[in-house]
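Step one of this worksheet: look at the structure below.
Chains as they are written, first to last, in the numbering used here: chain P, 31 to 281; chain G, 118 to 429; chain C, 38 to 328.
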């Protein structure tokens, strides 16, 4: 599904990501872990087109993807959430999710202004689907709530609903459990498993080791922008370099 | 079946517009009403850009001016029919807006404000300097408007025309907001990066809404020129651009009905202050500051919030 | 050929020095808060107008100048206290509109209380033009350039040598970090406004004998000052000076060689070009957004 080959990104003098290579098989849950500053979010931003690589290549679903813009990647079936929660606080919850379905709808300005009957029908269907997605992620009761009124945990899940509305093949989750308490983390874990079971390939960046170990089919460990280790949960847990880097404290 | 609040608002607007002539005592009031309707249309278009899409334009009067002067010059100097001149003005504005939109809308915040400001001022200076065609600072007179030979003259006819226009503009704006395109625009304001990963071509949308609001301003400029019958370069000037932004800001960003209210208040204000020369600028300045400090969302959205809170 | 060019160069550098002072004012406030103060032009106007009125009222010129600078500085502090501070952490668009509102209010008040007439300030040391290589240089121009250089030197000493100056630099680099080490960033912002107003006013006073002054000179001065600041790179002191001088000279050369009617359009054409091709300006830093 996703192949990354010798990917590098340098900012000024800082080598944020250095010579990273890995592959993600379709239908699996793949985690990227590492201490703070290891380059995880930079890696995500490179894959999702927010940054352009300094070197290396990215292949998504069989076609080259390095430097492609995020909206183009969305067209090809890639979707993501953000570490610092990029929810549109100026819209209602359901409208946020409906934005996720942007590529499936007629988005012409003129069509919007004239509000032709077929647009009205498509909108109603979109709204129903968005409602279903909100229930899938567990925030169904917030349907008409304004995003600015929703609690943090609900917003995290709303963002996932928005990402799912695009019907992606590959979903990247940047710290989905950040800022959540123990119960909420458990709920997110269950949700991610549900998403993966529905056929979406998932790549996630996470600090919560229990979540990572429970969910992941495959783990990539980064440190100082370089690949430190790669393998199944058991393999990574046993790797002495990884343990040395930081695992010992939090597992 | 419960009616959507926006439908209620639209019906209310239609009722008010239809009933207003019964309440207006004389031509002076008709004039104010017509000017309000015209300003409201421009303000709605500008609000789509500023309030909904989160961009800024401090030079919109420039587009208004292009439409106004295009209509004036083409009809007076070249004998074009007014309808055609209006279309030409709108097309020229659209082309200019499209040409500058992509590079300008890559900018954000202050830089975007500065670029739109610069554009507006350049247009204004051109109008002032090209005295031979535009009449320069002394202005030029404009022929009456007519569609296919039928003149629109007199307050009654103009009032009907702009009232219908206002309803149309309001309805299409409301339609747009509640559509995928409208949600994409608002998402650009909410989180541009989130919109992009959802597949929204944010640059294309920003350009489109910029051009749309510019063309709307141009068309209203053309109509104003014919209605007033006389044009001065001030219509394209910096102060007019600020007036338009104030209408949007005061009435309510991201509120179509707010823009109508803002236009109403700020069109009537100079009439009320005409006796107190100089204070007009002060009052405008104070309104801008006080609104942004105490009512940052504008009048209509703040009222709406208060009503919602009371219901809870 | 040469005399003409020199003439344009002299007038360009003279007005450019004023733009540079205005640009420094913009950069100061931008560094302290990220706010672009659209009212900066009105501080320039206030300087010239106050000095003109005080001088006309019989106050000796040096005292009038000093008082005018103080008045402008006080107004700057008021604007920050009454308009900027209450807005808290508002959006960029909101702050822009607030400063535009402040600018309108100031201009309107001056128009109401001091009238619409144009005023002149007496030249500091006489009006006998000095001949240089066929071109004439007004003694006032020397004052403009000289005082501007002195002010810039004083600012450099202030930022490099005093605690307050260094605190301001720290705030410019990283506001949060500065707060964490105990810098009172609110005070820094207040002080920036006062200092910017004083700088702008000084610029306005220096050129008032040449360009005259009235209630509405603020708009253009302010906008051009902002253009100069952006040209040189918002937030950069060196950039502000370079941008100001560059703008002044380009404007004068355009007026002389191309068309004097479109002189005022030059800054805005320049700003569009800069924003399109080199948005960080000549000396500014390129930034990437963290997501």
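Glycine residues also receive a C-beta, built at the ideal position from the N, C-alpha and C atoms.
State the DSSP-derived secondary structure class of residue 247 (chain G), mapped to helix, strand or coil. Walking along the second chain from the start, residue 247 (chain G) turns up at place 130. Three-state result, residue 247 (chain G): coil.
Review point. Would a C-beta distance cut-off of 8 Å place residue 246 (chain C) and residue 160 (chain C) closer than the cut-off?
Key: Within the third chain, numbered from 1, the residue matching residue 246 (chain C) stands at position 209. Within the third chain, numbered from 1, the residue matching residue 160 (chain C) stands at position 123. Result yes, Cβ atoms of residue 246 (chain C) and residue 160 (chain C) sit closer than 8 Å.
>> According to DSSP, residue 173 (chain C) sits in a beta bridge with which residue or residues?
In response: Here residue 173 (chain C) refers to the residue found at position 136 of the third chain. Paired residues: C:168.
Which term fits residue 151 (chain P), buried or exposed, when burial requires 16 or more other beta carbons within 10 angstroms of its beta carbon?
Indexing the first chain from 1 puts residue 151 (chain P) at position 121. That one is exposed.
(message) Give me the chain P residues within the contact set of residue 303 (chain G), using Cβ-Cβ distance strictly less than 7 Å, ordered along the chain.
(response) Against the second chain, residue 303 (chain G) aligns to sequence position 186. Correct list: 118, 120 and 121.
message: So for residue 55 (chain P), helix, strand or coil by DSSP?
response: Mapped onto the first chain, residue 55 (chain P) falls at position 25. In this structure, residue 55 (chain P) counts as coil in the three-state DSSP scheme.
Contact between the stretch 222 to 233 of chain P and the stretch 50 to 62 of chain P: three or more CB pairs below 8 Å?
yes
query = Which class does residue 118 (chain G) belong to by DSSP, given the choice of helix, strand or coil?
reply = As a first step, residue 118 (chain G) is located in the second chain; it is residue number 1 there, counting from the start. Its pLDDT being 47, under 50, residue 118 (chain G) is placed unreliably in this model, and the value from its coordinates should be taken loosely. Of the three classes helix, strand and coil, the one that applies to residue 118 (chain G) here is coil, per DSSP.
Item to complete: Find the residues of chain P that neighbour residue 289 (chain G), judging by a C-beta separation of less than 9 Å, and give them in chain order.
Response: For the purposes of this step, residue 289 (chain G) is taken as residue 172 along the second chain, with counting starting at 1. Within chain P, the residues near residue 289 (chain G) are 142, 143, 144 and 145.
Can you check which of these residues, G:420, G:408 and G:417, is closest to residue 130 (chain C) by C-alpha distance? Counting from 1 along the third chain, the entry for residue 130 (chain C) is found at position 93. Out of G:420, G:408 and G:417, G:408 has the C-alpha closest to the C-alpha of residue 130 (chain C).
- Please check the pair residue 177 (chain G) and residue 133 (chain C), which I expect to be a contact at CB under 8 Å, by giving their CB distance rounded to whole angstroms. By 1-based counting over the second chain, the position of residue 177 (chain G) is 60. By 1-based counting over the third chain, the position of residue 133 (chain C) is 96. About 15 Å separates the two Cβ atoms, so there is no contact after all.
### Inside the stretch 158 to 241 of chain C only - alpha helix (DSSP H) runs reaching at least 4 residues
176 to 198, 200 to 210 and 212 to 217
Three-state secondary structure assigned by DSSP to residue 125 (chain G) | The residue you call residue 125 (chain G) lines up with position 8 of the second chain. Three-state DSSP puts residue 125 (chain G) in a helix.
- CB residue 218 (chain G) to CB residue 374 (chain G), shorter than 8 Å? For the purposes of this step, residue 218 (chain G) is taken as residue 101 along the second chain, with counting starting at 1. For the purposes of this step, residue 374 (chain G) is taken as residue 257 along the second chain, with counting starting at 1. It is not a contact, given that the beta carbons lie outside the stated cut-off.
**Prompt:** What does residue 78 (chain P) reach in chain B if we use C-beta pairs closer than 7 Å?
**Reply:** Annotation note: the requested chain B is absent from the structure, which comprises protein chains P, G and C.
Comparing C-alpha positions only, which one of G:356, G:279, G:267 and G:315 sits nearest to residue 130 (chain G)? Looking up residue 130 (chain G) in the second chain gives position 13. Comparing Cα positions, the closest option is G:279.
Output the boundary residues of the alpha helix (DSSP H) element that contains residue 320 (chain C).
For this step, residue 320 (chain C) is matched to residue 283 along the third chain. Note, residue 320 (chain C): premise wrong, no alpha helix (DSSP H); not H, not E.
### Message
Please list the terminal residues of the continuous alpha helix (DSSP H) segment that includes residue 219 (chain P).
### Response
Indexing the first chain from 1 puts residue 219 (chain P) at position 189. 212 to 227 is the extent of the alpha helix (DSSP H) around residue 219 (chain P).
Q. Touching or not, the stretch 384 to 399 of chain G and the stretch 326 to 343 of chain G, by the rule of three or more beta carbon pairs under 8 Å?
A. no
- Message: Would residue 334 (chain G) and residue 162 (chain G) qualify as a contact pair, given that the criterion is a beta-carbon distance under 8 Å?
- Response: Within the second chain, numbered from 1, the residue matching residue 334 (chain G) stands at position 217. Within the second chain, numbered from 1, the residue matching residue 162 (chain G) stands at position 45. Contact: yes.
- [ ] Using beta-carbon positions only, say whether residue 251 (chain C) and residue 156 (chain C) come within less than 8 Å of one another.
- [x] Position 214 of the third chain, counted from the first residue, corresponds to residue 251 (chain C). Position 119 of the third chain, counted from the first residue, corresponds to residue 156 (chain C). Cβ atoms of residue 251 (chain C) and residue 156 (chain C): closer than 8 Å.
Checklist entry - Is there contact between the stretch 183 to 190 of chain P and the stretch 110 to 123 of chain P, where contact requires at least three CB pairs shorter than 8 Å? => result yes
Query raised in the report: Listing by chain order, which chain P residues have their CB less than 7 Å from the CB of residue 307 (chain G)?
Result: As a position in the second chain, residue 307 (chain G) is number 190, starting the count at 1. Within 7 Å Cβ-Cβ: 118, 119, 120 and 121.
Exercise. Exposed or buried, residue 93 (chain C), counting other C-beta atoms within 10 Å across all chains shown (16 or more means buried)?
Worked result: Taking the first residue of the third chain as 1, we reach residue 93 (chain C) at position 56. Answer is exposed; the Cβ neighbour count stays below 16.
Quiz item: Using DSSP with H/G/I as helix, E/B as strand and the rest coil, what is residue 173 (chain G)?
Solution: Residue mapping note: residue 173 (chain G) aligns to position 56 of the second chain, counting from 1. Three-state DSSP puts residue 173 (chain G) in coil, outside helix and strand.
Report task. For residue 397 (chain G), count neighbouring Cβ atoms within 10 angstroms of its own Cβ and tell me buried if that reaches 16, exposed if not. Result -> Within the second chain, numbered from 1, the residue matching residue 397 (chain G) stands at position 280. That one is buried.
- Query: What are the uninterrupted segments assigned as alpha helix (DSSP H) that are 4 or more residues long and contained completely in the stretch 218 to 291 of chain G, given in chain order?
  - Reply: 226 to 246 and 248 to 251
Minimum Cβ-Cβ distance from residue 132 (chain P) to chain G less than 8 Å = Walking along the first chain from the start, residue 132 (chain P) turns up at place 102. Taking Cβ atoms only, chain G reaches closer than 8 Å to residue 132 (chain P), which makes this a yes.
Where the beta strand (DSSP E) containing residue 204 (chain P) begins and where it ends = The count along the first chain starts at 1 and reaches residue 204 (chain P) at position 174. Counting along the chain, the beta strand (DSSP E) containing residue 204 (chain P) begins and ends at 200 to 204.
- Determine the burial state of residue 126 (chain C): buried for a count of at least 16 other Cβ atoms within 10 Å of its Cβ, exposed for fewer. Taking the third chain and counting its residues from 1, one reaches residue 126 (chain C) at position 89. Label assigned to residue 126 (chain C): exposed.
Original post:
In whole angstroms, what is the alpha-carbon distance linking residue 128 (chain G) and residue 304 (chain G)?
Top reply: Within the second chain, numbered from 1, the residue matching residue 128 (chain G) stands at position 11. Within the second chain, numbered from 1, the residue matching residue 304 (chain G) stands at position 187. Those two C-alpha atoms are separated by around 28 Å.
Report the option in G:235, G:363 and G:256 whose CA atom is closest to the CA atom of residue 245 (chain G). The residue you call residue 245 (chain G) lines up with position 128 of the second chain. Nearest C-alpha to residue 245 (chain G): G:256.
If you draw a straight line from the alpha carbon of residue 113 (chain C) to that of residue 76 (chain C), how long is it in whole angstroms?
Here residue 113 (chain C) refers to the residue found at position 76 when the third chain is read from its first residue. Here residue 76 (chain C) refers to the residue found at position 39 when the third chain is read from its first residue. C-alpha separation (whole angstroms): 9 Å.
Span of the beta strand (DSSP E), counted from its first residue to its last, around residue 35 (chain P): Walking along the first chain from the start, residue 35 (chain P) turns up at place 5. Here the beta strand (DSSP E) through residue 35 (chain P) covers 32 to 41.
For a contact meaning CB atoms closer than 8 Å, what does residue 109 (chain P) contact in chain G? Counting from one through the first chain, the residue named residue 109 (chain P) turns up at place 79. Here the neighbours are 314 and 315.
Quiz item: Does the stretch 310 to 317 of chain G come within contact of the stretch 100 to 112 of chain P, defined as at least 3 CB pairs closer than 8 Å?
Solution: yes
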